[in-house]
Amino acid sequence: MDVLRAACEATLRYGLKLRDHRRVGCHPCVLEWERAANSFFGCEAAVLLGSGYAGGAVMAAALGDDFDVAFVDEHSHANVWDGLAAAGVRVISFPHRDPGGLAAVLSMDLRARQRPLVVSDGIFPITGALAPVPDYEVVLQPYDGALLCLDDAHAYGVLGPDGRGTLDHFGLQGARRFSYGTMSKAVRWGWGAGPRLGGAAGPDRTPLRRVSIHHQGSSRHCRRGRPST
Ligand SMILES: Cc1ncc(COP(=O)(O)O)c(C=O)c1O
Numbered sequence: 011m012d013v014l015r016a017a018c019e020a021t022l023r024y025g026l027k028l029r030d031h032r033r034v035g036c037h038p039c040v041l042e043w044e045r046a047a048n049s050f051f052g053c054e055a056a057v058l059l060g061s062g063y064a065g066g067a068v069m070a071a072a073l074g075d076d077f078d079v080a081f082v083d084e085h086s087h088a089n090v091w092d093g094l095a096a097a098g099v100r101v102i103s104f105p106h107r108d109p110g111g112l113a114a115v116l117s118m119d120l121r122a123r124q125r126p127l128v129v130s131d132g133i134f135p136i137t138g139a140l141a142p143v144p145d146y147e148v149v150l151q152p153y154d155g156a157l158l159c160l161d162d163a164h165a166y167g168v169l170g171p172d173g174r175g176t177l178d179h180f181g182l183q184g185a186r187r188f189s190y191g192t193m194s195k196a197v198r199w200g201w202g203a204g205p206r207l208g209g210a211a212g213p214d215r216t217p218l219r220r221v222s223i224h225h226q227g228s229s230r231h232c233r234r235g236r237p238s239t
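With the numbering used here, the residue at position 13 of the sequence shown is 23, and numbering never jumps.
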């Protein structure tokens with residue numbers, strides 16, 4: 011009821027025009043949401059997307075220059091595979107929730123000086139199983155420039171202090187750790203979002219700039235005009 015009332019009030023205040031795209035003027039509601047999410051997650055910047063599903067594609071495009079091969083838990087959500095496929099990157103699966111299996115494919119499929127991106131759901135939707143992220147961190151230690159990205163659709167609002175997700179649950183924020191999620195699960199606002207890029211430790215801003223560029227060509231997504239500090 012509260013949500014319906016707020017929706018009616020917002021419609022009266024802002025009207026029905028969408029204006030969710032930066033080229034045609036971003037709606038103040040979007041900026042307000044991004045500011046609130048940014049402060050909630052304590053991250054460098056939060057970006058609102060048209061859906062949680064879009065998170066995989068946006069993340070793959072944003073991080074694309076920072077890794078050479080993506081290693082994906084075999085049970086990861088479809089948006090992860092679709093997003094990486096759309097970005098045209100090399101993708102290799104590793105056995106479900108298996109740090110040893112990840113270590114094996116990394117040593118087999120990564121050439122010298124190549125940088126891996128490891129992608130997994132934080133919480134897997136069907137089973138509710140949690141990704142063994144600290145163990146992945148240990149496996150990734152020898153790999154310079156290794157990135158880790160979690161689809162936290164089922165962890166935002168559930169895991170970690172105040173529901174900030176899997177990285178916070180494990181205390182693993184940092185420059186090379188990324189996550190995105192949705193507001194269609196625990197936060198029942200009925201629409202999606204890919205709110206979080208980067209960790210509390212203040213990551214390198216380059217991926218965020220790429221998200222911005224990526225969004226200029228898409229009418230489904232919205233971005234920050236410039237990264238927040
Ligand atoms: C793990 C996971 N990631 C992403 C999504 C996509 O979220 P949305 O349906 O809000 O776009 C879902 C939806 O079921 C999901 O289960």
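We put the CB at the ideal spot given by N, CA and C, even for glycine.
Best match in the options for proximity to residue i [C-alpha to C-alpha]
i    : options                   : result
P135 : G74, D75, T192 and W43    : T192
P142 : G110, V115, D172 and R123 : G110
E54  : G184, G66, A139 and S194  : G184
G25  : L14, R15 and H37          : H37
D92  : D12, K195 and D161        : D161
S86  : A71, G66, P171 and G74    : G66
A165 : D172, I133 and F180       : I133
Pairwise C-alpha distance: residue j and residue i
i    : j    : result
S117 : R125 : 12 Å
G60  : R121 : 36 Å
A64  : R100 : 19 Å
I146 : R174 : Contrary to the premise, residue 146 reads as Tyr rather than Ile in this sequence. One C-alpha to the other measures close to 20 Å.
A96  : N89  : 10 Å
F104 : A139 : 16 Å
L207 : Y190 : Unreliable placement is indicated for L207, whose pLDDT of 42 sits below 50; the coordinate value is still reported in the next sentence. Approximately 7 Å between the Cα atoms of the pair.
A163 : M69  : 14 Å
Buried versus exposed, by CB contacts within 10 Å (16 or more), residue i
i    : result
E44  : buried
T176 : buried
D178 : buried
C159 : buried
G204 : Any reading at G204 must be qualified, since the residue scores a pLDDT of 43, below 50, and its modelled position is unreliable; no value is offered.
R15  : exposed
V148 : exposed
Rounded Cβ spacing between residue i and residue j (contact assumed at less than 8 Å)
i    : j    : result
L127 : L150 : Contact flag wrong, Cβ pair sits at about 10 Å.
C39  : A56  : Not quite, the Cβ-Cβ distance comes to about 14 Å (not below 8 Å), so this is no contact.
V82  : L94  : 7 Å
P144 : L182 : 7 Å
Within-8 Å CB hit, residue i to chain C
i   : result
L94 : No chain C appears in the structure shown, which is made up of a single protein chain.
Jot down the residue ranges of each uninterrupted alpha helix (DSSP H) in the segment 53-79, minimum 4 residues, whole runs only, in chain order.
Taking 4 residues as the minimum length, the alpha helix (DSSP H) runs contained wholly in the segment 53-79 are 64-73, in order along the chain.
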